[in-house]
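Trainee: Can you keep this structure in mind? I'll have questions shortly.
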Amino acid sequence: QVQLVESGGGLVQPGGSLRLSCAASGSISNIYTMGWYRQAPGKQRELVATITNPGSANYVDDVKDRFTISGNNAKNTVYLQMNSLKPEDTAVYYCSLYIPISARRFWGQGTQVTVSS
């Protein structure tokens, strides 16, 4: 089994920054994809960014110039640096880990990000 523990959410003013962290533990293969999704009230969960191990990062267009996803492979940890935050970024952010060899996806418990003045 895999466990994902997120941290770093909170309340920030428009234009501010936050850094989310997600640490994975358990039975993880050497090849996987970690990412961040978000779900705003009344909306479906949507992809924000992903990073593969080994591999590269991918972003949705809305965050491409403002958010940066990075990972520490040795610690099975992924980070999401969010800059120039907008009120529309307000959502619960979920960490996700996908293991292709088993086609299984795991989710964290979610962390609230609120962008408001």
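In this text, residue positions in the sequence shown follow this note's numbering: the first is 170, and each later residue adds one. Glycine residues also receive a C-beta, built at the ideal position from the N, C-alpha and C atoms.
Between which two residues does the beta strand (DSSP E) carrying valine 284 extend?
Mentor: Numbered from its first residue, the sequence shown carries residue 284 at position 115. For valine 284, the enclosing beta strand (DSSP E) begins and ends at 280 to 284.
Trainee: Is valine 229 helix, strand or coil by DSSP?
Mentor: Taking the first residue of the sequence shown as position 1, residue 229 is located at position 60. Coil, per DSSP.
Trainee: Quick check: the Cα distance between serine 253 and serine 190, rounded to an integer number of angstroms?
Mentor: Position 84 of the sequence shown, counting from 1, holds the residue named residue 253. Position 21 of the sequence shown, counting from 1, holds the residue named residue 190. Cα to Cα, serine 253 sits roughly 18 Å from serine 190.
Trainee: Applying the criterion that 16 or more other CB atoms from any shown protein chain within 10 Å of the CB defines a buried residue, is glutamate 175 buried or exposed?
Mentor: Locating residue 175 in the sequence shown gives position 6, counting from the first residue. Flag for glutamate 175 reads buried.
Trainee: Please classify asparagine 242: does DSSP put it in a helix, a strand, or coil?
Mentor: Stepping through the sequence shown from its first residue, residue 242 is reached at position 73. The three-state secondary structure of asparagine 242, taken from DSSP, is helix.
Trainee: Excluding sequence positions up to five away, which residues of its chain have a Cβ less than 6 Å from the Cβ of glycine 279?
Mentor: Here the question's residue 279 lines up with position 110 in the sequence shown. Answer for glycine 279: Val261 and Tyr263, listed in chain order.
Trainee: If we ignore side chains and look at the alpha-carbon of each, how far apart do glutamine 250 and proline 256 end up?
Mentor: The residue you call residue 250 lines up with position 81 of the sequence shown. The residue you call residue 256 lines up with position 87 of the sequence shown. When rounded, the distance between both Cα atoms is 16 Å.
Trainee: Should the region 197 to 212 be regarded as contacting the region 236 to 247, the criterion being three or more beta carbon pairs within less than 8 Å?
Mentor: yes
Trainee: Given this structure, state the Cα-to-Cα distance separating proline 210 from leucine 180, to the nearest angstrom.
Mentor: Counting from one through the sequence shown, the residue named residue 210 turns up at place 41. Counting from one through the sequence shown, the residue named residue 180 turns up at place 11. Roughly 16 Å between the two C-alpha positions.
Trainee: Residues in the same chain with beta-carbon distance under 6 Å from glutamine 182, minus the five sequence neighbours each way, listed in chain order, please.
Mentor: Numbered from its first residue, the sequence shown carries residue 182 at position 13. Result list for glutamine 182: Ser286, in chain order.
Trainee: Closest by CA to threonine 221, which one among Lys212, Val232 and Tyr248?
Mentor: If you number the sequence shown from 1, residue 221 lands on position 52. Checked all of Lys212, Val232 and Tyr248; the closest Cα to threonine 221 is Tyr248.
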